[in-house]
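Numbering (our numbering), first residue to last: 19 to 142. Each residue gets a CB set at the ideal place from its N, CA and C atoms; glycine is no exception.
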């Protein structure tokens, strides 16, 4: 193998490694989006904890908490869309990315949890 061929092969390997790092970064970003959604849910629960002892007619606290629940739902679905679009555009080499079904399953479970939290905020 000539020196030029070695350089070219090494450059291709570096590109492949960079694409693999991008696949892993996409998964970390997905997890970060999920944490952001969980933060919105925590604010919703915190609001009801603070104002939960108030008069039952004090629905504004529940309404504001519901805004954070809806925000969490939007964040979860956006995370899914972003993760799937980035996954589709990348070539995988040595790294196997999270499967589409896994991303969707995690998203749906997080959304069900957020909906359950929202329902509990209004029932309790």
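| Where do the ends of the alpha helix (DSSP H) carrying residue 82 lie? | Within the chain shown, residue 82 is the residue found at index 64, counting from 1. From DSSP, the alpha helix (DSSP H) with residue 82 extends over 77 to 107.
| task | Classify residue 126 as buried or exposed, calling it buried when 16 or more other Cβ atoms lie within 10 Å of its own Cβ. | result | As a position in the chain shown, residue 126 is number 108, starting the count at 1. Per the 10 Å Cβ criterion, exposed.
| Cβ pair residue 94, residue 62 closer than 8 Å | On the chain shown, position 76 is the one that residue 94 refers to. On the chain shown, position 44 is the one that residue 62 refers to. No, the Cβ-Cβ distance between residue 94 and residue 62 is not below 8 Å.
| query | Can you tell me the Cα-Cα spacing of residue 128 and residue 42, whole angstroms? | reply | As a first step, residue 128 must be located in the chain shown, where it is residue number 110. As a first step, residue 42 must be located in the chain shown, where it is residue number 24. Rounded to the nearest angstrom, the two C-alpha atoms are 21 Å apart.
| request: Please look up how many angstroms separate the CB atoms of residue 132 and residue 59, rounded, as I've assumed it's under 8 Å. | output: Here residue 132 refers to the residue found at position 114 when the chain shown is read from its first residue. Here residue 59 refers to the residue found at position 41 when the chain shown is read from its first residue. Right, their Cβ atoms sit about 6 Å apart.
| field | Collapsed DSSP secondary structure at residue 142 in the structure displayed | value | For this step, residue 142 is matched to residue 124 along the chain shown. Three-state DSSP puts residue 142 in coil, outside helix and strand.
| Would residue 89 pass as a contact of residue 139 if the rule is Cβ separation under 8 Å? | Your numbering for residue 89 matches position 71 in the chain shown. Your numbering for residue 139 matches position 121 in the chain shown. Not a contact, by the Cβ cut-off of 8 Å.
| Quick one: is residue 134 buried, meaning 16 or more other Cβ sit within 10 Å of its Cβ, or exposed? | Here the question's residue 134 lines up with position 116 in the chain shown. Flag for residue 134 reads exposed.
| said: Going by DSSP in three states, residue 50 sits in which element: helix, strand or coil? | reply: As a working mapping, residue 50 is identified with position 32 in the chain shown. Three-state result, residue 50: helix.
| How long is the line joining the alpha carbons of residue 98 and residue 130, rounded to whole angstroms? | Working through the chain shown from its first residue, we reach residue 98 at position 80. Working through the chain shown from its first residue, we reach residue 130 at position 112. Residue 98 and residue 130: Cα-Cα distance of roughly 14 Å.
| said: Rounding to the nearest angstrom, what Cα-Cα distance links residue 121 and residue 103 in this structure? | reply: Position 103 of the chain shown, counting from 1, holds the residue named residue 121. Position 85 of the chain shown, counting from 1, holds the residue named residue 103. Cα to Cα, the separation comes out at about 12 Å.
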